[in-house]
Each structure stands twice: as C-alpha cells, then as structure tokens.
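Undergrad:
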Amino acid sequence: MSRKIGFIVNPLSHTVQRKGSTLERVAARVEDAVLIRIDDFARLPDQLRQLAAEHPSAVFVEGGDGTLQAVLSGWPGFAEGSAQLPDMGILPGGSTNLAFKVAGLRRSAGDDIEALIRSGRADSLSTRTSLPALRIESSNLPAPLVGMLLSTGSLARAMLYTQKQIHGDGHRGSLAVANAAARFVVSPGSYLDTDGAPLLRPCDYKAESAVFRLQGVHALSLMTTLPYLSLGLKPFWGEEGGPIALTYAQWPISAFRAAFLKILANATGPEMTRHGLTSYRTDRLTLNCSGPIVLDGELLQIPAYDPIRITSTRPIRFLR
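For reference, each letter of the sequence shown is one residue, going 378 to 697 in this note's numbering.
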C-alpha cells in the first residue's frame with residue numbers, strides 16, 4: 378500500500394478562513410504528504426490528476442459540501458465509473474457540512490488525524506462508512522458531476538437564498554438551517570427571490586424511472602444517497618429498492634405548514650400524500666425542470682428543461 382497521503386484544503390471555506398487549516402498543519406508533520414490548496418478551482422482537475430498518479434492510500438478534504446463535490450467530480454475516472462477513490466476523510470469547512478455530519482471524521486483535530494494515519498500505515502483496522510454518491514450527467518455539462526444532495530424548484534431557490542441572505546451575515550451550521558426553516562414555515566410568501574417573485578412558487582417538472590413517472594407543476598423535489606440530512610432529517614419513505622431516495626411535492630402543497638412541521642419532526646410516511654408529497658427509491662432516473670437545480674449548494678449551469686440523467690456511483694469509503 379502506498380504511504381502517500383493527500384490533503385486538500387479550500388482556503389476560502391468558512392472555517393479555514395476563521396480558524397486556519399487543520400490539514401495544512403497536519404501535512405507539515407506527516408511524511409509523504411501531498412498538499413493541495415485550492416486557490417483556483419479551474420486548476421483542481423490537473424492537481425487531482427497529479428495526486429492520483431501518486432496512488433495515495435487516503436485523501437483528506439477540508440472544505441464545504443461544494444468543495445467535496447469538486448473533488449469527487451474531478452478525481453480521474455471516478456465520475457465516469459472507471460476508477461475507485463482512495464479512502465476519504467472529511468473535515469468540516471463550509472456552511473452546513475452535510476457530508477461531514479453523515480460520513481465525516483468523528484475526531485477531526487490534528488492529533489487525531491495523525492493517529493488515524495499512523496494506524497492506517499500500521500495496517501490496523503480503521504472504521505469506515507461506505508456510501509455511494511449521486512452522479513449527474515447532461516449534454517450541457519462538460520463532464521459528469523458527483524454530489525450528495527440534489528434539489529429542484531422552490532427548495533433549490535431556498536438553498537441559494539439561504540447561502541446569500543443568511544449565511545452571508547456570518548451565521549453558519551445546523552442552527553442557521555433550523556432558524557431559516559422556522560422563518561420560512563411562519564411566512565413562506567414573504568421571502569422573495571432576486572427576481573422579486575416568491576421563493577415558494579411552481580415550476581414544470583418531469584422525472585421518470587423504472588418505478589415511477591412524475592410530470593406536472595411541482596413545488597420542489599429532493600434526492601440523495603445519504604441515510605439522513607442536516608438536523609437528522611429523514612424526509613424519505615419510499616419502499617422500492619435502489620440507492621437514490623427521491624421525495625416530490627406537487628403544486629400547491631396542501632396545508633404547507635403542517636407538512637413542513639411533519640418533515641422537521643421526522644413524522645413522514647405514505648400519509649404525506651394528503652399534502653401532495655410522495656417518496657420513492659430507485660437506481661436511476663431522468664429529470665428535467667423549468668426552475669433551478671442545485672447540487673450540494675451549487676447551481677447547475679444548464680438551460681431550463683435540459684434533461685439530466687441521475688445514477689449512483691460505486692461506494693465511497695469514508696474514514697470515520
């Protein structure tokens with residue numbers, strides 16, 4: 378096994394800007410360390426190719442969910458299904474850090490990471506969680522994207538709004554998510570997008586898989602391969618097989634506040650159809666939407682109604 382260890386740091390991520398980089402300090406003390414500072418995301422694919430050529434046994438990433446998306450998408454051959462990733466160690470660095478909370482390092486202090494590396498080099502058993510990710514393909518994307526959480530419609534708008542309006546004033550983490558959700562439930566119509574229209578509004582939607590066909594005007598949809606989301610939420614109750622969980626809300630959502638509160642209380646299930654919400658599991662689907670589509674907080678730069686293909690990657694081994 379290679380002794381090389383990769384360390385990838387986004388210096389512009391919220392935590393690194395405030396507290397400095399844990400991984401940079403660790404990399405300075407670990408033999409055979411390869412450090413990447415993402416000063417320019419356009420250069421990241423070349424940097425990842427150079428790192429992959431070293432065949433590292435593990436790669437640690439310090440940044441937000443968007444940083445992890447860039448690393449997973451840019452690792453040579455992984456998004457295309459022709460290559461496996463090394464073991465991945467995730468540290469918190471961004472606004473909400475969903476991937477870290479579900480599959481990140483349980484102990485992320487510098488000394489703990491060094492101890493984990495020593496243990497791995499001594500061939501000691503390390504705790505890992507294996508999870509696939511979403512793979513997104515489109516004729517208007519230069520390459521497939523790999524991420525953890527995809528949202529459409531009003532939910533995508535709300536995520537972008539939260540980043541700009543709430544996280545922008547210094548609030549971060551699960552508390553900010555909870556506060557934003559509470560405000561939105563109380564007065565959803567008062568939150569306006571940059572075009573002056575309400576965040577909560579309809580847009581056209583079509584999604585097809587082997588187990589469902591959805592078409593019409595929708596409020597939002599959400600899909601992931603993760604077992605739960607921020608705040609421990611599990612807004613999925615589909616019983617079909619497949620690694621991709623999808624929840625769909627038609628327009629309008631009946632008794633919006635009651636439906637939202639049930640989601641926040643993890644009190645969902647098939648009875649959510651009374652609110653216009655349904656949930657499924659599948660291994661692949663195609664989707665197009667007239668509104669925004671957001672992957673891990675990043676807006677997909679594709680035209681309205683552009684069809685995207687969604688599958689899952691091979692499992693990623695996350696160090697815990």
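Note that CB positions come from ideal geometry on N, CA and C, so glycine has one too.
Cutting at 6 Å between CB atoms, please list the residues of its own chain near residue 548, excluding the five before and the five after it.
TA: At residue 548 the pLDDT is 49, less than 50, meaning the model places this residue with poor confidence; the figure from the coordinates comes in the next sentence. The answer is none, since no qualifying residue turns up.
Undergrad: Can you tell me whether DSSP reads residue 575 as helix, strand or coil?
TA: If DSSP states are grouped into helix, strand and coil, residue 575 belongs with the strands.
Undergrad: State the Cα-Cα distance for the pair residue 651 and residue 631, rounded to the nearest angstrom.
TA: Approximately 7 Å between the Cα atoms of the pair.
Undergrad: Does residue 665 pass the burial test, meaning 16 or more other C-beta atoms within 10 Å, or should it be called exposed?
TA: The residue is buried, with at least 16 neighbouring Cβ atoms inside 10 Å.
Undergrad: Shortest alpha-carbon distance to residue 417 belongs to which of 390, 588, 396 and 592?
TA: With distances taken between Cα atoms, residue 417 lies closest to 390.
Undergrad: Exposed or buried, which one is residue 534 when buried takes at least 16 other CB atoms within 10 Å?
TA: When all chains shown are included, residue 534 counts as buried.
Undergrad: State the CB to CB distance for the pair residue 658 and residue 626, rounded to an integer number of angstroms; the pair is presumed to be in contact (CB under 8 Å).
TA: At roughly 17 Å, the Cβ-Cβ gap does not stay under 8 Å, so residue 658 and residue 626 are not in contact.
Undergrad: DSSP has residue 465 in a bridge; who is on the other side?
TA: For residue 465, which the question treats as bridged, DSSP gives the partners 436 and 695.
Undergrad: On the premise that residue 596 lies in contact with residue 629, defined as a C-beta separation below 8 Å, what is that separation, rounded to the nearest angstrom?
TA: Right, their Cβ atoms sit about 7 Å apart.
Undergrad: Going by the DSSP bridge assignment, what does residue 383 pair with across the sheet?
TA: DSSP, once it has assigned bridges, lists 411 and 436 as partnering residue 383.
Undergrad: Residues in its own chain within less than 6 Å of residue 614 by CB, not counting five upstream and five downstream?
TA: Contacts found: 645, 646 and 656.
Undergrad: From the DSSP output, in three-state form, read off residue 548 for me.
TA: In this predicted model, residue 548 has a pLDDT of only 49, less than 50, meaning its place in the structure is not dependable; the value taken from the coordinates is given anyway. Three-state DSSP puts residue 548 in coil, outside helix and strand.
Undergrad: Assign residue 569 to buried or exposed, taking buried as 16 or more other Cβ atoms, counted over all protein chains shown, within 10 Å of its Cβ.
TA: Exposed: under 16 other Cβ atoms inside 10 Å.
Undergrad: Could you check whether residue 689 and residue 602 sit closer than 7 Å to each other, using their CB atoms as the reference points?
TA: Yes; because the gap between Cβ atoms is below 7 Å, this pair is in contact.
Undergrad: Counting C-beta neighbours from all protein chains within 10 Å, is the total for residue 488 16 or more, i.e. buried, or is it exposed?
TA: It counts as exposed.
Undergrad: Just to confirm, are residue 475 and residue 532 a CB contact at a threshold of 7 Å?
TA: Going by C-beta atoms, residue 475 is not nearer than 7 Å to residue 532.
Undergrad: Suppose you measure from the CA of residue 583 to the CA of residue 590; what does that come to, to the nearest Å?
TA: Distance between the alpha carbons of residue 583 and residue 590 is about 8 Å.
Undergrad: Span of the alpha helix (DSSP H) holding residue 391?
TA: Note, residue 391: alpha helix (DSSP H), 391-396.
Undergrad: Out of 446, 458 and 457, point me to the one whose CA is closest to residue 467's CA.
TA: That would be 446, whose Cα lies nearest to the Cα of residue 467.
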